[in-house]
Amino acid sequence: MSIIIKNLTVTFKNKVTAIDHGNLEIPRGVFGLLGENGAGKTTLMRVLTTLITPDEGEITLDGIPYREENYPRIQSKIGYLPQEIDLYPGLTLQECMEYMGTLSGLTKKVSRERTDYYLEKTGLAGQRKKKMRQLSGGMKRRAGLVQALLNEPEFLIVDEPTTGLDPEERIRIRNLLVDFSENRTVLFSTHVVEDLAASCSRLAVMQKGRFLYAGSMGELLEKVQGHVWLCKVADEKRARELEQQYHVSSKQLGEGGVQLKIISEEQPQISCIPCEGTLEDAYIYITGKKKS
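Numbers 1058 to 1349, taken from my numbering, label the letters of the sequence shown in order.
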């Protein structure tokens, strides 16, 4: 299962171009989609789920062209967790998920079995008798993921699946997505770098409707090597001065001064040493958010 995107362009009525001649291949496994809010990630996902028809370009899913006559076949292969989801507030969690399963074409027996399985996997089994309106925001987020998984799609698209979750829940969901991706494709969209670092080996970076990078995590990390520096200054005043000159990705107060991590094309004009860059550093570097 792979998704191939060629020359994709989406322009809204206000003449804002949400995706600008994008080219991308999404392979099997967990594939990360990284970018700030407004980068075009949600528009891309809505195109891939057939909710939006692009102005230009071609898309194929497992060799099936995105054409209106093929939409039912494509939709049957897709599971989708959008950013905002509101599921039948008057039903219990168990009732809601079983009902969503039957809407996906599952038998009642299979819907019940998969509901039980995925409620357990997402840590929601103890909440099954609660009404949907009684669930916390994080619980509703996990319930939304369950509904996306019920038909065990070949292509799972998840938009910010860990929003509102505590650290333990985030880890649980990331691990579930990795396990689910065996022999399937999962598009994991987020602006949280840590989530992708822990769950995928390939990703794309979007900014203002364009793909700035698509490839392996390792190759992205290589781009920032030689551009990350550690320095220590005596006080907060000097640290603030450096923040005006350079992009400072981290700042730590300690005995004897302030330690800064600086991302810069050239070695800063201050006593410093090179250091290994992280995925977050690489993202900042290629999106052009450095100050020198």
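A virtual CB, placed ideally from N, CA and C, is assigned to each residue, including glycine.
Three or more Cβ pairs closer than 8 angstroms define a contact, and the segment 1087-1095 meets that threshold against the segment 1253-1264. The alpha-carbon separation between glutamate 1337 and phenylalanine 1268 amounts to approximately 17 angstroms. As a beta-bridge residue in DSSP terms, threonine 1074 pairs with Thr1068. Along the segment 1230-1317, the alpha helix (DSSP H) occurs as fully enclosed runs of 4 or more residues at 1250-1254, 1274-1281, 1293-1302, listed in sequence order. Segment contact: the segment 1174-1181 against the segment 1128-1148, fewer than three CB-CB distances shorter than 8 angstroms; contact not assigned. The beta carbon of methionine 1274 is closer than 6 angstroms to those of Ser1258 in its chain, skipping five residues each way along the sequence. Leucine 1192 sits in coil when the DSSP states are folded into three classes, being neither helix nor strand. By the CB criterion at 8 angstroms, lysine 1098 and asparagine 1080 fall outside the cutoff.
For threonine 1219, the secondary structure class from DSSP, reduced to helix, strand or coil, is coil. When the alpha-carbon of valine 1281 is set against those of Arg1227, Lys1289, Pro1331, the nearest one is in Pro1331. Bounds of the alpha helix (DSSP H) holding glutamate 1152 are 1150-1160. The Cβ atoms of lysine 1165 and threonine 1159 lie closer than 8 angstroms to each other.
In the three-state reduction of the DSSP assignment, leucine 1138 falls in the strand class. By the neighbour-count definition (other C-beta atoms within 10 Å, threshold 16), arginine 1130 is an exposed residue.
C-alpha of alanine 1205 to C-alpha of glutamine 1184: approximately 18 angstroms in a straight line.
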